[in-house]
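Undergrad: I have a structure here, written as structure tokens, and I will follow up with some questions on it.
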Amino acid sequence: MSTRAVIDISELPHHEFDTYDPVWWGNNFLLAIETSMFGILIATYFYLRQNFTEWPPPVAQLTATLKPLPQLGYGTAVTILLLFGCIPMVLTDIAARRGNRAVSQIGLIIAVACGLAAVVLRGFEFSAVYFRWDSNAYGSVVWFMLGMHMLHLLVLTTEAILLMIWIFTREYDMKHRVDIVTVAVYWYWVTAIWLLLYAIIYFTPRLG
Amino acid sequence: MSHKEAQKRTEERVAPRSRQVTRMELEENELAAAMEREREELERTWARPSGLRGWFTDTDHKRIAMRYIKTAFVFFVLGGIEAALMRIQLARPENHFLSPDQYNQIFTVHGSTMMFLFAVPIMTAMGIYLVPLMVGARDVAFPRLNLFGYFVYLTGGLLLYTGFILNTGPDAGWFAYVPLSGPAFSPGKRVDIWAQMITFTEISSLVGAIVIIGTAFKMRAPGMSLNRLPLFVWAQVVTAFMIIFAMPAVMLASSFLASDRLIDTHFFNPAEGGDAILYQHLFWFFGHPEVYIIFIPALGFISPIIVTFARRKIFGYVAMVLSLTSTAFIGFGLWVHHMFATPIPQMGESFFTAASMMIAIPSGVQIFCWIATLWGSKLNIKTPLLFVLGFFAIFILGGMTGVMLASVPLDLQIHDTFFVVAHLHYVLIGGSVFPLFGAFYYWFPKWTGRMLSESAGRLNFWLMFIGFNLVFFPMHQLGLHGMPRRVYTYLPETGWGTLNLIASIGAFVLAGGVLVFIINAAWALRAGAVAGANPWAADSLEWSIASPPPNYNFHNIPVVQGRYPIWEATADAPVVRGLSTTKRETLVTSVMDAQPELRFDIPGPSIWPSLVAVAVAVTFIVGIFTPWAFLVGAILAGITLICWFFADPNYENKTARETGERSQRVSPRPELQPKEV
């Protein structure tokens, strides 16, 4: 006779929310990478600002010089859309945890609509900056900030669309419910980063 | 449901089973037969696709890591050949073996190869191979991401060498400072190739970092709480965190540089408000942590080698872990000491001098802990330990010159001289390459099932040790005499000829050592002594399984009872039961205490990661020539990623998946049901 102690794990689930799931961790590490990227980008913005006596640099007109501050319209609209999009995303997030398929579906549709609208508005937002990327260092760094954030908006919206298609056409299984919760984290992060960039791009030049 | 409720629910499901250790009593032959059946099923489930298909679809971490190691070693040899060419050129004054332009390309490609294509990838690869085995997992946390990372890395290497062969190798130094590398002073595509090579290798290291942290945090065997994590894994985790925070800086630096060159942005153009010093800040905010990204994994090789050959537990485990983490933190506060020759405020210089000297403290703590471990023990001096002892000698010398260079006045005197070349090779070759060769000798039996020759190993070590000191020790002297770096020749009146000739002779002795290793490895693969599972009588989990390990790594996930799982295992050590044998599953445990949480579905082989890597390759290589590549590339990457998302995560088990979550539960085979005590 041989005896051997065992730990029986055959009753354990395959997927569970938040810290349980490796995918949640993987997503958060990706966001940590991107957070340090945006952190260094913001440092670059302020570093370049030191080279300018006026920021953004003034433009000489026929009669007087113009201070070409970035116009608030499109940027503010994007901010409102992203913040509004958090509401269906929170509902979807909660619904995924409870296993409420219908609410997840409706929430994702609204969130995706907000995401798509934000992408389109971001396309126009570049025109709110007086300079092009190749005008001067101010134009380069602001376009780069808007562009990197737009890249995240695109990836986020695509991910949300894919998950939406999945839960409409395939199973609403635990694996994809965990994915919904993970995409929600990404959504909150994209919104939070944007609030920071919005304040920096639009309001720090207005402070003086 | 709130997070707390979910947690509670899972705890209820987990607790009664995982904490209750039951005993099963079985007839031995019945058990053996059942185990054999399970083993056959596992072999089928974890079978690797072979041939060409296997190249592009296999997600096995051991196979991917071996490819990384072999590829990186080929780049190491290429970088070594470039070094030898430079040494031939410098062997005597006014030599015309290489033209100035060839010399510029060769030192740039040598540095870029050694840093980006050899050192970082091979250190990550050691982690990708060994971390899952040391923590008792069946694969890494994200096997498909891992496959993607390898192909992106390979693309970067091939891009650099294609350019080099076509006489379009980068020529602005391995850090490509602006304005030299900017559009005004480096027309053509040479620097663009460098910038995109950076993009590829950084994507691959970031991916590798996520794979390693995910595995170390979530895939540990029950009982391996964080305070029992092997020091090798600690070193890999600390390195991975450094990669996460350091690599974005160089990605931004190289993207800004590429866009300045391609679409006329002005990040580094002073005429339009840009800033050349900004580039140096961005580069070295990555570049200094990079040194530790190469060095800390090597510290992780040293501890297990010392523990095994001193035959005793490590002295000061907690101090070792704290030293690793504090090295990582301080490593981010040093970058400006590469820029002492630029207009930095004196206050700033003092801060960075202090930090540069402070980092000697944690390194010192570790070295004393190792010495304390070795002290008075019965040393079993085999080749791996020999390389570690060589590390002590060389690295401590390199550390000494590091403390010297941290001082601003001295640094200004010897900035850009061969003294710096000597210093960086003492810390990088001494700190990383020597432990790495020790690690090759130590883990080669695990990888291949065969032992490397000991006598050839000793020859290898002594050739490398003597050769290394012959090449680089005279460079200290040359630097103090004022010989500048990156200059293709010198005049006879300078009197630098003799020392340079000694260094060049040393280079060939060093190369001879590497050649002995290659021959030794080729011989051992055919005729080396058969190793068995644990040839060194070592302590960590990778030695508890066959050499080379089976595809599924562990038949039964072990339960860890101490920091030295094999040495401290009791005869009746429990094992984990209940993972499926017919689909790819591994155990996921909690981050701190390694309590069982999930039977996680590990994705199996897939073609999509390779195709996403192709999309990334097209984007950035064509992106050297036209910005439209990014639009086309985004669409290609989008399509391939969508297919990756919709592809079956585990195509061996489609039926199991389609039947829904609850019915997937796989009970232990009836005859193995544990009996209650």
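Going down the list, the sequences are from chains A and B.
Heads up: the first sequence begins at 4 in my numbering, then just goes up one per residue.
Heads up: the second sequence begins at 13 in my numbering, then just goes up one per residue.
Ideal Cβ positions, reconstructed from N, Cα and C, are used throughout, including at glycine.
If we cut at 9 Å on Cβ distances, does M231 (chain B) have a partner in chain A?
TA: Judged by the 9 Å Cβ criterion, M231 (chain B) is in contact with chain A.
Undergrad: Give, in chain order, every residue of the stretch 16 to 33 of chain A whose Cβ lies closer than 9 Å to some Cβ of chain B.
TA: Going along the stretch 16 to 33 of chain A in chain order, one finds P16, H17, H18, E19, F20, D21, T22, Y23, D24, P25, V26, W28, G29, F32 and L33 with a Cβ nearer than 9 Å to chain B.
Undergrad: What residue does the beta strand (DSSP E) around R589 (chain B) start on, and which one ends it?
TA: Segment V587 to R589, the beta strand (DSSP E) holding R589 (chain B).
Undergrad: For a cutoff of 9 Å on Cβ pairs, would you count G285 (chain B) as touching chain A?
TA: So yes, G285 (chain B) belongs to the interface.
Undergrad: Assuming T69 (chain B) is part of the beta strand (DSSP E), what are its boundary residues?
TA: Element bounds for T69 (chain B): not the beta strand (DSSP E) but the alpha helix (DSSP H), G63 to T69.
Undergrad: Classify I100 (chain B) as helix, strand or coil using the three-state DSSP reduction.
TA: Reduced to three states, the DSSP call for I100 (chain B) is helix.
Undergrad: Does the distance from the CB of R498 (chain B) to the CB of F119 (chain B) come in under 9 Å?
TA: Contact flag set, yes.
Undergrad: On the criterion of 16 or more Cβ atoms from any shown chain inside 10 Å, does K171 (chain B) qualify as buried, or is it exposed?
TA: It is Leu, not Lys, that sits at residue 171 (chain B) in the sequence shown. L171 (chain B) is buried by the Cβ-count criterion.
Undergrad: How would you label G348 (chain B), buried or exposed, when you count the other beta carbons within 10 angstroms and need 16 or more for buried?
TA: The question names Gly, but residue 348 (chain B) in the sequence shown is Val. The residue is buried, with at least 16 neighbouring Cβ atoms inside 10 Å.
Undergrad: Where L401 (chain B) and V319 (chain B) are concerned, what is the direct C-alpha to C-alpha distance, given to the nearest angstrom?
TA: Each residue's alpha carbon lies about 13 Å from the other.
Undergrad: Please classify V499 (chain B): does DSSP put it in a helix, a strand, or coil?
TA: Note: V499 (chain B) maps to coil in three-state DSSP.
Undergrad: Exposed or buried, what is F430 (chain B) when buried is set at 16 or more other beta-carbons lying within 10 Å of its beta-carbon?
TA: By the 10 Å Cβ count, F430 (chain B) comes out buried.
Undergrad: Can at least three beta-carbon pairs, one atom from the stretch 179 to 194 of chain B and one from the stretch 626 to 637 of chain B, be found at a separation below 8 Å?
TA: The answer is no - the stretch 626 to 637 of chain B does not touch the stretch 179 to 194 of chain B, with fewer than three Cβ pairs under 8 Å.
Undergrad: Per DSSP, what kind of secondary structure is P570 (chain B) in: helix, strand or coil?
TA: Three-state DSSP puts P570 (chain B) in a strand.
Undergrad: Cα-Cα, which of B:V223, B:A340, B:A288 and B:Q607 is closest to F160 (chain B)?
TA: Ranking the options by Cα distance to F160 (chain B), first place goes to B:V223.
Undergrad: Using beta carbons (cut-off 9 Å, strictly below), is V33 (chain B) in contact with chain A?
TA: Model confidence at V33 (chain B) stands at a pLDDT of 44, short of 50, so the residue's coordinates are unreliable; what they give is reported in the following sentence. It does: the Cβ of V33 (chain B) has a partner Cβ on chain A nearer than 9 Å.
Undergrad: Of all Cβ atoms in chain B, is any one closer than 9 Å to the Cβ of W192 (chain A)?
TA: No, its Cβ sits nowhere closer than 9 Å to a Cβ of chain B.
Undergrad: To test your reading of the DSSP string, which unbroken alpha helix (DSSP H) runs of 4 or more residues are found completely within the stretch 275 to 335 of chain B?
TA: Runs found: 288 to 322.
Undergrad: When DSSP builds the beta bridges, which residues end up paired with T22 (chain A)?
TA: Beta-bridge pairing links T22 (chain A) to no other residue.
Undergrad: Which runs of the alpha helix (DSSP H) fall wholly inside the stretch 337 to 420 of chain B and span at least 4 residues, in chain order?
TA: Counting whole runs of 4 or more residues, the stretch 337 to 420 of chain B contains the alpha helix (DSSP H) stretches 358 to 370, 372 to 386 and 395 to 417.
Undergrad: Just the C-alpha distance for L72 (chain A) and V144 (chain A), rounded to the nearest angstrom, thanks.
TA: Near 15 Å, if we compare the C-alpha coordinates of V144 (chain A) and L72 (chain A).
Undergrad: Which value, in whole angstroms, describes the spacing of the CA atoms of L15 (chain A) and W579 (chain B)?
TA: Their backbone Cα atoms lie some 30 Å apart in a straight line.
Undergrad: Short of 6 Å in beta carbon distance, which residues of its chain neighbour A140 (chain A), apart from the five on each side in sequence? Order them along the chain.
TA: Same-chain partners within the cutoff: L51.
Undergrad: Going by alpha carbons, who is nearest to S271 (chain B) out of B:C655, B:F642 and B:L475?
TA: The option with the nearest alpha carbon to S271 (chain B) is B:F642.
Undergrad: Residues bridged to F612 (chain B) by DSSP?
TA: B:T598.
Undergrad: Could you confirm whether any beta carbon from chain B is found closer than 9 Å to the beta carbon of F171 (chain A)?
TA: F171 (chain A) does not count as touching chain B.
Undergrad: Name the residue from A:R135, A:I203, A:F20 and A:A63 whose alpha carbon lies nearest to the alpha carbon of A99 (chain A).
TA: Selected option, being the one with the closest Cα: A:F20.
Undergrad: D423 (chain B) versus chain A: which residues are under 8 Å apart at the beta carbon?
TA: Those within 8 Å of D423 (chain B) in chain A number zero; the least Cβ separation is about 23 Å.
Undergrad: Judging by CA-CA distance, which residue of B:R596, B:A367, B:G442 and B:P199 is the nearest neighbour of F399 (chain B)?
TA: Comparing Cα positions, the closest option is B:G442.
Undergrad: Quick one, which of B:F295, B:F477 and B:A137 has its alpha-carbon nearest A84 (chain B)'s?
TA: Ranking B:F295, B:F477 and B:A137 by Cα distance to A84 (chain B) puts B:A137 first.
Undergrad: Is there a C-beta anywhere in chain B that falls below 9 Å from the one on G118 (chain A)?
TA: No, its Cβ sits nowhere closer than 9 Å to a Cβ of chain B.
Undergrad: Just the C-alpha distance for Y189 (chain A) and N30 (chain A), rounded to the nearest angstrom, thanks.
TA: Taking the straight line from one Cα to the other gives about 8 Å.
Undergrad: Taking only runs that begin and end inside the stretch 542 to 568 of chain B, name each unbroken beta strand (DSSP E) of 3 or more residues, in chain order.
TA: Runs found: none.
Undergrad: Between which two residues does the alpha helix (DSSP H) containing E128 (chain A) stretch?
TA: It spans R104 to E128 - the alpha helix (DSSP H) in which E128 (chain A) sits, taken as one unbroken run.
Undergrad: Against T161 (chain A), what residues of chain D qualify as contacts under a CB-to-CB distance less than 7 Å, listed in chain order?
TA: The structure shown contains no chain D; its protein chains are A and B.
Undergrad: Counting only beta-carbon atoms, is P71 (chain A) nearer than 9 Å to chain B?
TA: So no, P71 (chain A) is outside the interface.
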